[in-house]
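A.B. asks: Here the working numbering is used: the first residue of the sequence shown is 43, the next is one more, and so on. The beta-carbon is built from N, C-alpha and C at its ideal position, and this holds for glycine as well. Remember, predicted model here, so these are calculated numbers, not experimental data.
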Amino acid sequence: MTTRSSPAAAPSPRFAELLFEPQRAVPRFRSRPSALRLIGFPAVSGIFVAYTVARGLAFGDAYGFAFAAGVVVLGGAVLGVIALWFAGSLPNWSVPLDDEAEAETAKMFVLFSEATWPFLPLLFIVVPLDLYFHGTNALSASRGAVPGAVVWLDRVLVLGAIALWLVMLVRGTAVARRESEARAARELLRWGAELLAIAVLLGLILAASLLYW
Numbered sequence: 043m044t045t046r047s048s049p050a051a052a053p054s055p056r057f058a059e060l061l062f063e064p065q066r067a068v069p070r071f072r073s074r075p076s077a078l079r080l081i082g083f084p085a086v087s088g089i090f091v092a093y094t095v096a097r098g099l100a101f102g103d104a105y106g107f108a109f110a111a112g113v114v115v116l117g118g119a120v121l122g123v124i125a126l127w128f129a130g131s132l133p134n135w136s137v138p139l140d141d142e143a144e145a146e147t148a149k150m151f152v153l154f155s156e157a158t159w160p161f162l163p164l165l166f167i168v169v170p171l172d173l174y175f176h177g178t179n180a181l182s183a184s185r186g187a188v189p190g191a192v193v194w195l196d197r198v199l200v201l202g203a204i205a206l207w208l209v210m211l212v213r214g215t216a217v218a219r220r221e222s223e224a225r226a227a228r229e230l231l232r233w234g235a236e237l238l239a240i241a242v243l244l245g246l247i248l249a250a251s252l253l254y255w
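Laid out in structure tokens, this is it:
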């Protein structure tokens, strides 16, 4: 005779649940997920962002395709993990940490990680298309023209992934912090501005260090 599993033994939240039913998905987040599960999606999102930047700045012309691709993979993964740390930590920088705050912070880390899953299929569609049409010129300014349908597919996929990511962040944050989605959106906007300010400051420090040397 078969028995139904208890809610406590339910599997990890499906990604669709985080999008459509965050009130069910967020409470099932583990407070101590495996390191690979926690950093996997952020690392992928970082790689995609690094690839997009390298493609726009034609890093392949300056450093060669192989070296630029290696920097994109390694550097993008590291930047994705750093972004996860800042994003998960920011909500509680201005409040004292008690047991409840620590539990909320743990949920926010997992939420920010899980919400970046749309960048995984995006990476495995956009990059292969680039390599198919451009080969080793994918990161070069001499990239040839591609069919208009491919250009629009690229744009739709990128915008769609960003939209899904934002919706999941807003809805998941509202559940994790027990607040309205409107307030969650305002808080995410504020944290985003703070992250941007930190990124600009770090960039200026790095630029000044390079000029000094």
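Assuming Val188 contacts Phe175 under a Cβ cut-off of 8 Å, what Cβ separation, rounded to an integer in Å, is found between them?
C.D. replies: With 8 Å as the limit, Val188 and Phe175 qualify as a contact, their Cβ atoms being about 5 Å apart.
A.B. asks: Quick one: is Ser222 buried, meaning 16 or more other Cβ sit within 10 Å of its Cβ, or exposed?
C.D. replies: Exposed is the call here.
A.B. asks: Expressed to the nearest angstrom, what Euclidean distance is found between the alpha-carbon atoms of Phe83 and Leu60?
C.D. replies: Computed Cα separation, rounded: 14 Å.
A.B. asks: Between the region 223–233 and the region 163–183, do at least 3 Cβ pairs fall closer than 8 Å?
C.D. replies: Flag = no, the region 223–233 and the region 163–183 do not touch.
A.B. asks: Rounding to the nearest angstrom, what Cα-Cα distance links Leu243 and Gly117 in this structure?
C.D. replies: Approximately 19 Å, taken between the alpha carbons.
A.B. asks: If you reduce the DSSP assignment to three classes, tell me which class Arg70 lands in.
C.D. replies: In the structure shown, Arg70 sits in a helix (DSSP, three-state: H, G or I).
A.B. asks: Restricting to Cα atoms, I'd like to know which of Leu246, Ala239, Arg213 is closest to Val68.
C.D. replies: Taking only the C-alpha atoms, the option nearest Val68 is Arg213.
A.B. asks: Pick from Gly112, Ala235, Phe90, Ala239: whose alpha carbon is nearest that of Trp159?
C.D. replies: Of Gly112, Ala235, Phe90, Ala239, the residue nearest in Cα terms is Phe90.
A.B. asks: Ends of the alpha helix (DSSP H) at Trp194?
C.D. replies: Run containing Trp194: 190–218, per the alpha helix (DSSP H) assignment.
A.B. asks: What distance in whole Å lies between the Cβ atoms of Ala110 and Gly102, which are believed to be in contact at a cut-off of 8 Å?
C.D. replies: Indeed, because the Cβ distance is near 5 Å, the residues count as touching under 8 Å.
A.B. asks: Taking the alpha carbon of Leu237 as the reference point, which residue from Leu199, Gly106, Gly186, Ser131 has its own alpha carbon closest?
C.D. replies: The residue with the shortest Cα to Cα distance from Leu237 is Ser131.
A.B. asks: Can you name, in chain order, every residue of its own chain whose Cβ lies under 6 Å from the Cβ of Met210, other than the five neighbours on each side?
C.D. replies: Here the set comprises Leu60, Leu61, Ala157.
A.B. asks: Counting only the same chain and skipping the five closest in sequence on each side, list residues whose C-beta sits under 7 Å from that of Val169.
C.D. replies: Cβ within range, chain order: Tyr93.
A.B. asks: Within its chain, find whatever has a CB closer than 8 Å to the CB of Leu154; leave out the 5 residues flanking it on each side and keep chain order.
C.D. replies: Looking at the sequence shown, residue 154 is not Leu but Phe. So the list reads Pro84, Leu126, Ala129, Gly130, Leu211, once near-sequence residues are dropped.
A.B. asks: Label Ala96 either buried or exposed according to how many other C-beta atoms from any shown protein chain fall within 10 Å of its C-beta, with 16 as the threshold for buried.
C.D. replies: Buried.
A.B. asks: On the criterion of 16 or more Cβ atoms from any shown chain inside 10 Å, does Ala235 qualify as buried, or is it exposed?
C.D. replies: Classification for Ala235: exposed.
A.B. asks: Please list, in chain order, all residues of the same chain as Ser87 whose beta carbon is under 7 Å from its beta carbon, the five residues on each side excluded.
C.D. replies: Closer than 7 Å at the Cβ level, and outside the excluded window around Ser87, lie Gly122, Thr158, Phe161.
A.B. asks: Would Thr178 be called buried (16 or more neighbouring beta carbons within 10 Å of its own) or exposed?
C.D. replies: Per the 10 Å Cβ criterion, exposed.
A.B. asks: In terms of alpha-carbon separation, which member of Met150, Gly186, Ile204 lies closest to Ala218?
C.D. replies: Residue Met150 is the option with its Cα nearest to Ala218.
A.B. asks: So, for Ala119: in the same chain, excluding its five sequence neighbours on each side, which residues have a beta-carbon less than 6 Å away from its beta-carbon?
C.D. replies: Cβ within range, chain order: Ala85, Gly88, Ile89.
A.B. asks: Kindly indicate the opening and closing residues of the alpha helix (DSSP H) around Leu171.
C.D. replies: First-last of the alpha helix (DSSP H) with Leu171: 161–176.
A.B. asks: Within 10 Å of its beta-carbon, does Asp206 have 16 or more other beta-carbons around it, so buried, or fewer, so exposed?
C.D. replies: Going by the sequence as given, residue 206 is Leu instead of Asp. By the 10 Å Cβ count, Leu206 comes out buried.
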